[in-house]
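Under the numbering used here, the sequence shown has 8 at position 7, and the numbering climbs by one with no breaks.
Even glycine gets a Cβ: it sits at the ideal position worked out from N, Cα and C.
Below is one structure, written out as structure tokens; the observations come after it.
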Amino acid sequence: MSLLSNLEKLGPTTILVISTGSSPLTDADVARISTLPNVESVIPTLRTATKVPGINQEVTLVGISSRDLSEILGEIRLDEGQMYVDAPAPQSVIGHNIAYDPTTGKSLYEAGGLILVRLGHRSIPLTIVGVLDSYGSVTAVSPDDSIFIPIDFLKKAAHKFGYNIIVVKATDVKVVDQVTETLTNVYGGRARVLSVQQIARIIMQITGQFNMLLVSIASTSFIAAGLGTFNIMMISVLERVREIGILKALGMKDRQILLLYVNQGLLIGVMGSLLGLTLGVALTYSFPSFFLAPNVTSEARDFIPTYTPTLSPSYTLISVALSLIVTLVSAAYPAWKASKLHPVEALRYE
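Next comes the structure, spelled out in structure tokens:
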């Protein structure tokens, strides 16, 4: 699923107000934003990093009402169980990567069981009432790696009385920029205000620049591969002039010599394509780790767009075909030159 598809889950009218200072956003901020023009709804969320037995990396503990969670995710898809009741009770709905090991698929937690979360120096048991289906990454929250609990319970358990993020829904797409500007003026440096449209524009800009870089690298690679193949084939011809003369003296025709060197060039192309394809697949699947290092906190992880690499069979075949075409074109002149050597002159060659 693409990054832009994940953004669409939030809706084009969504604006994020993210606390940047030591003072959190409060109920007064929720009430204040609710009174602003062109604001349809306001969703306060509280989140904190936590550790869970059996999970190597930090996970995010998110306090949010079940009704508001459905607005953020678009729809609540449960793999098992049900949603929690909006009451200050130790109930939770856990993400797919917490319930199941992402590597092996082994079940770690299930509905009806208990899960221990760390809050400061305390371990708090939560009843698992539901397990979410796999969602992928969403900009405001990473459902697969989060534990959702009633917001009032998290505020009480964590001794916090404010919010990290307030999700604001504008009344219409046309007024999103206006509402974003108003919120920016209201909060200044106290909070960062980002609309989904702004995030989408940033992603499209980065993606466009990245695609241009890939095109440049691919073009340079094809040129280098072509020149390299040409040089190898020319050296091969020059080193085997006498052998070519002997073959032609024994009756081998020009076409057979031509095919001999074309096949040699094709073999080089196939080997190079397989090597390049192997390295490409390895880099593709290791690339996300450059964006999301293991020591990145779970709170920061929610705002780093992630992706799951996919390899298109059609593009893979096209890349291999282009590599072979470049190789054949580069090998064409050396093969033709070898086929046109005169037997007598070739045998005299030193």
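TODO: Could you check what DSSP says for K175 in three-state terms: helix, strand or coil?
DONE: helix
- [ ] Please confirm if the segment 336–347 is in contact with the segment 243–261, defined as three or more CB-CB distances below 8 Å between the two stretches.
- [x] yes
Task: Boundaries (first-last residue) of the beta strand (DSSP E) holding F149 - done: For F149, the uninterrupted beta strand (DSSP E) run begins and ends at 147–150, by DSSP.
TODO: Would you list, in sequence order, the uninterrupted beta strand (DSSP E) runs of no fewer than 3 residues that lie entirely inside the segment 86–166?
DONE: 92–95, 115–120, 123–133, 147–150
TODO: Return the chain-ordered list of same chain residues with a C-beta closer than 7 Å to the C-beta of V31, the five sequence neighbours on each side being excluded.
DONE: Same-chain partners within the cutoff: V43, P45, I167.
TODO: Could you check what DSSP says for P344 in three-state terms: helix, strand or coil?
DONE: helix
Task: Beta-bridge pairing of V43 - partner residues as DSSP gives them - done: V169
Open item on the list: Three Cβ pairs or more, each shorter than 8 Å: is that satisfied between the segment 79–90 and the segment 181–192?
Closed with: no
- [ ] In the DSSP assignment, find the unbroken alpha helix (DSSP H) run with R256 in it and report its ends.
- [x] 255–287
Task: F304 (DSSP reduced to helix, strand or coil) - done: Any reading at F304 is ruled out, since the residue's pLDDT is 49, under 50, leaving its predicted position unreliable.
Open item on the list: Is it buried or exposed, L251, if we count other Cβ atoms within 10 angstroms and call 16 or more buried?
Closed with: The residue in question, L251, is exposed, as its Cβ has fewer than 16 Cβ neighbours within 10 Å.
Task: Distance between I200 and F304 (C-alpha atoms, nearest Å) - done: Low per-residue confidence applies at F304: pLDDT is 49, beneath 50, and the placement is therefore not dependable, though the value from the model is reported in the following sentence. C-alpha separation (whole angstroms): 10 Å.
Task: Ordered list of beta strand (DSSP E) runs contained in the segment 46–70, each at least 3 residues - done: 60–64
TODO: Would you identify the three-state DSSP class for T185, choosing helix, strand or coil?
DONE: helix
Open item on the list: In whole angstroms, give me the CA-to-CA distance for M213 and V327.
Closed with: If you take the alpha carbons of M213 and V327, they lie about 21 Å apart.
Task: For R193, the three-state DSSP class (helix, strand or coil) - done: R193 falls in the strand class under three-state DSSP.
TODO: Could you say which of K249, L268, D153 lies nearest to S331 if we only look at CA atoms?
DONE: L268
Open item on the list: Just to confirm, is the Cβ distance from Q92 to V130 under 8 Å?
Closed with: Judged by beta-carbon spacing, V130 lies within the 8 Å limit of Q92, meaning their Cβ atoms are closer than that value.
Task: Cα-Cα separation, L120 to S315 - done: Their backbone Cα atoms lie some 49 Å apart in a straight line.
TODO: Look up E76 in the DSSP assignment and say whether it is helix, strand or coil.
DONE: coil
TODO: Could you please give the first and the last residue of the uninterrupted beta strand (DSSP E) stretch that includes L17?
DONE: Unbroken beta strand (DSSP E) run through L17: 15–20.
Open item on the list: Any heavy atom of the ligand FMN closer than 7 Å to the beta-carbon of L280?
Closed with: No copy of the ligand FMN occurs in the structure displayed, which carries no ligand at all.
Task: Spatial distance of P25 from Y164 (CA atoms) - done: Answer to the nearest angstrom: the Cα atoms are 6 Å apart.
- [ ] Answer yes or no: do G137 and D146 have a C-beta to C-beta separation smaller than 8 Å?
- [x] no
- [ ] Using 10 angstroms around the beta-carbon of P1, count the other beta-carbons present and answer buried if the total reaches 16, otherwise exposed.
- [x] Since the first and last residues shown for the chain are 2 and 351, residue 1 lies out of range.
Task: Residue span of the alpha helix (DSSP H) that contains R241, given as start and end - done: Note, R241: premise wrong, no alpha helix (DSSP H); not H, not E.
Task: Burial state of E244 (16 or more Cβ within 10 Å) - done: Exposed.
Open item on the list: Taking DSSP's pairing of strands, which residues face G82 in a bridge?
Closed with: G131
TODO: On a CA-only basis, which of A322, Q265, I247, T27 is nearest I152? Give me that one, please.
DONE: Closest option to I152, Cα to Cα, is T27.
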